[in-house]
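Residue numbers (the UniProt record's numbering): 1 to 182.
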């Protein structure tokens with residue numbers, strides 16, 4: 001089963017600790033800790049939980065009761081642990097996905113106090129390959145305009161990744177643990 005970004009995000013938040021859908025939806029809401037980077041609407045969170053359970057990546061553990069309806073708490077299965085840990089190390093393959101996929105992964109790694117430099121190194125390899133491919137292509141007319149646009153975006157993305165990878169103090173795990181990660 002191929003997972004979409006909302007499902008990976010939910011899986012990664014469950015990697016931090018078991019949670020119910022309402023707590024995940026709060027984290028992924030527009031003003032939430034992860035939602036400020038990339039938001040997942042509440043119905044998509046619950047749809048993701050169902051798909052992840054169907055894929056045996058998560059399992060219900062308990063029911064929480066309170067003033068509202070009972071809430072099912074989910075935890076990762078061993079397969080879920082392995083899948084999300086692998087996913088967090090995979091770079092975005094397209095420049096257009098950096099805004100969502102890379103930033104979400106960086107935010108999730110930050111929340112767990114994990115060093116993102118391996119991911120950034122892998123992302124640098126992908127971006128260098130993209131920039132090199134664009135530089136060897138020569139277009140005419142509008143194709144030249146489109147190539148210029150892609151080159152500008154790819155080199156800016158590469159500069160961004162290079163800047164992050166080189167700023168060890170800003171992204172070091174020790175520094176991350178001292179910052180608010182909620």
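Glycine included, C-beta positions come from ideal geometry on N, C-alpha and C.
If you're wondering where the values come from, they're calculated on a predicted model, not measured in any experiment.
- DSSP places residue 76 in the uninterrupted beta strand (DSSP E) bounded by 71-76.
- In the DSSP assignment, residue 60 falls within the beta strand (DSSP E) that extends over 58-64.
- DSSP places residue 19 in the strand class (E or B) of the three-state scheme.
- If only uninterrupted beta strand (DSSP E) runs of at least 3 residues are considered, none is enclosed by the stretch 89-162.
- If you draw a straight line from the Cα of residue 95 to the Cα of residue 23, it is about 31 Å long.
- Residue 129 has its alpha-carbon roughly 28 Å from the corresponding atom of residue 1.
- With respect to the 7 Å criterion, residue 164 and residue 108 are not classified as neighbours on the basis of their beta carbons.
- Counting other Cβ atoms within 10 Å of its Cβ, residue 61 stays below 16 and is therefore classed as exposed.
- By the Cβ neighbour-count rule, residue 66 is exposed, with fewer than 16 other Cβ atoms within 10 Å of its own.
- Approximately 10 Å separates the beta-carbon atoms of residue 131 and residue 156; this is outside 8 Å, ruling out the contact.
- Per DSSP, reduced to three states, the secondary structure at residue 36 is coil, with no helix or strand assignment.
- Between the C-alpha atoms of residue 63 and residue 14 there is a straight-line separation of about 16 Å.
- Taking a cut-off of 8 Å on C-beta distances, the stretch 6-21 touches the stretch 77-87, as three or more cross pairs fall below it.
- Cβ-Cβ distances below 6 Å link residue 42 to 25 in the same chain, with the five nearest sequence neighbours on each side left out; the list follows chain order.
- DSSP places residue 7 within a helical segment (H, G or I) once states are collapsed to three.
- Look at residue 83 here: in three-state DSSP terms it is helix.
- Straight-line measurement puts the Cα of residue 77 at about 14 Å from the Cα of residue 51.
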